[in-house]
Every structure is written in C-alpha cells, then in structure tokens.
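J.: Handing you this structure, nothing more for now.
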Amino acid sequence: MLKSWWTNLQQRCQTCSRVTLGAGLVVLTFLIGAVMLTAGAAGLAWTNTEQFCTGCHEMKDNVYAEFKGTIHDVNRSGVRAICSNCHVPHEPWPLIKRKMRASFELWGHFVGVIDTKEKFQARRYELATRVWTRMKETDSLECRNCHHDNAFDPDKQSDRAKARHSTMKETGLTCIDCHFGIAHHEPDGPGPQELKVAKP
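If you're matching positions, the sequence shown starts at 1 in the working numbering and goes up one per residue.
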C-alpha cells in the first residue's frame, strides 16, 4: 500500500526530483507526528482534570464525596490538590505507564464492578491496597511532588511527627505508610505498613 502510494506520488510529480519528494515525505511525517504528539498530550492533560476523574458516578459518589472538606481540598493556604496530583505520576514516562494501566481498569466501569455504594464498599480494601502498593513501590512519589522532606520544619511538627519523619529513611517507611487516610476513608483491614512491596 505504501509502495503504491509512493509510486502514485512520483507519477503525479514527475518534474520533482527524488530529493524533493523525500523532503516532502519527511515534512509530512513530521507534521503527522506533531499532530499526534499534540493530540496525545492534550488527551493526557484532559484525563488529569478533576472534571474527567469525577465524570463517572462511581468516583463522584464515593471517593470524591469523601475527599470534599479534607486538608487536601480546603486548607488555610488555599493550595488544593485534585485527583491526579495524588494518583498520577507527574514525570512523563511514569505518567504514560500509569495511564496505560488505567485504561485496562475502565472495563470495571462499563461492566458495573463498583457501580453501587454496596459494591464499592465490598471492594474498597482491594482498591485501597492497589493504590498503597503503587505508592510504596514509588516511595510515595506523588506525595513528594508537592511535599519535600528536606523542606520540613521540625519545629512546626508535633513530637510524634518529628520523630517519625526523622527515621523515615532508616525504617524504610514512606509517606503513605502513615498518611493513608488523609484524603479518603480508611477501609477495614490492615494498613499499608503491613504490605510488603519492592521499593525502587
């Protein structure tokens, strides 16, 4: 097919040299690539919006309703996190990898795996464990995109927080080990500290 297209193009442009045709093909390929890259970037950006994340009632009626009013939603500084800030990596390749994994999770929406509050509650622990495992595997990378441990002011932390933050590296704990109920209700069952995962 490509060969016949190339032959047809050569016949139409017999006055053009092979170099001109080759240059035209390079430019056309570049333009198609640029359009696809722009469309892909726009698609990634759109799927990171709060409007997209809460577009289905499974999220809007369950986890988003829980999120409303938490410290990541409303706080004294006015800095507000949205779903993608905590659930999607910010770096390009991890972002694309996460989006590809998420595309396989869409089937659950279409077949109604968690389309009622009862079904959601029945699977809450399993869903939470997936998120905790992913965050432990990346050393809570999504948290660290906003919260930098080298910028902590220990004098503004409680004694308990100060003690735990000072031993994070030695104990192998990461943000999600202690802060797993900060934006959503805690499910019944063991917390993330009990999960054994490979860290980077």
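Even for Gly, the Cβ is constructed at its ideal location relative to N, Cα and C.
All of these numbers come straight from a predicted model, not from anything done at the bench.
With a Cβ-Cβ cutoff of 8 Å, do glutamate 50 and isoleucine 96 count as a contact?
T.: No.
J.: Taking Cβ positions, are histidine 57 and alanine 183 nearer each other than 8 Å?
T.: Cβ distance not < 8 Å, so histidine 57 and alanine 183 don't count as in contact.
J.: Would you report the Cα separation of threonine 138 and methionine 168, rounded to the nearest angstrom?
T.: C-alpha separation (whole angstroms): 14 Å.
J.: Sorted by chain position, which residues of the same chain lie with C-beta nearer than 7 Å to tryptophan 204's C-beta, five sequence neighbours on each side aside?
T.: Because the chain spans 1 through 200 in this model, residue 204 falls outside it and cannot be assessed.
J.: From this set, Asn150, Glu105 and Leu127, which residue's C-alpha is nearest glutamate 186's C-alpha?
T.: Considering only alpha carbons, the answer is Leu127.
J.: Would you kindly work out how many angstroms separate the C-alpha atoms of leucine 195 and serine 77, rounded to a whole number?
T.: Approximately 33 Å, taken between the alpha carbons.
J.: If you draw a straight line from the alpha carbon of serine 103 to that of aspartate 155, how long is it in whole angstroms?
T.: Straight-line Cα distance between these residues: approximately 44 Å.
J.: Buried or exposed for cysteine 146, going by 16 or more other Cβ atoms inside 10 Å?
T.: With fewer than 16 other Cβ atoms within 10 Å, it is exposed.
J.: Can you name the start and end residues of the alpha helix (DSSP H) that proline 190 belongs to?
T.: Taken as a continuous stretch (DSSP letters only), proline 190 belongs to no alpha helix (DSSP H), as it is neither H nor E.
J.: Using 8 Å as the threshold, is the C-beta distance between lysine 119 and valine 113 below it?
T.: For lysine 119 and valine 113, yes; Cβs fall inside 8 Å.
J.: Going by DSSP, what residue range makes up the alpha helix (DSSP H) through aspartate 177?
T.: Start and end: 175 to 178.
J.: Rounded to whole angstroms, what's the CA-CA distance from aspartate 177 to lysine 117? Just pull it up for me.
T.: Distance between the alpha carbons of aspartate 177 and lysine 117 is about 26 Å.
J.: Evaluate lysine 3 with the Cβ neighbour count: other Cβ atoms within 10 Å of its Cβ, from every protein chain shown; 16 or more gives buried, anything less gives exposed.
T.: Label assigned to lysine 3: exposed.
J.: Am I right that leucine 28 and lysine 99 are in contact with their C-beta atoms under 8 Å? What's the rounded C-beta distance?
T.: The pair is not a contact, with the Cβ atoms about 28 Å apart (cut-off 8 Å).
J.: Measure the C-alpha to C-alpha separation of leucine 173 and arginine 164 and round it to an integer number of angstroms.
T.: Their backbone Cα atoms lie some 9 Å apart in a straight line.
J.: So, is lysine 60 buried or exposed, given that buried needs 16 or more other C-beta atoms within 10 angstroms?
T.: Result: exposed.
J.: Pull up the distance between the alpha-carbon of glutamate 142 and that of leucine 25, whole angstroms please.
T.: In a straight line, the C-alpha of glutamate 142 is about 42 Å away from that of leucine 25.
J.: If we count the other Cβ atoms within 10 Å of its Cβ and call it buried at 16 or more, is serine 17 buried or exposed?
T.: Flag for serine 17 reads exposed.
J.: Any heavy atom of the ligand FMN closer than 7 Å to the beta-carbon of phenylalanine 52?
T.: This structure lacks the ligand FMN, and indeed carries no ligand of any kind.
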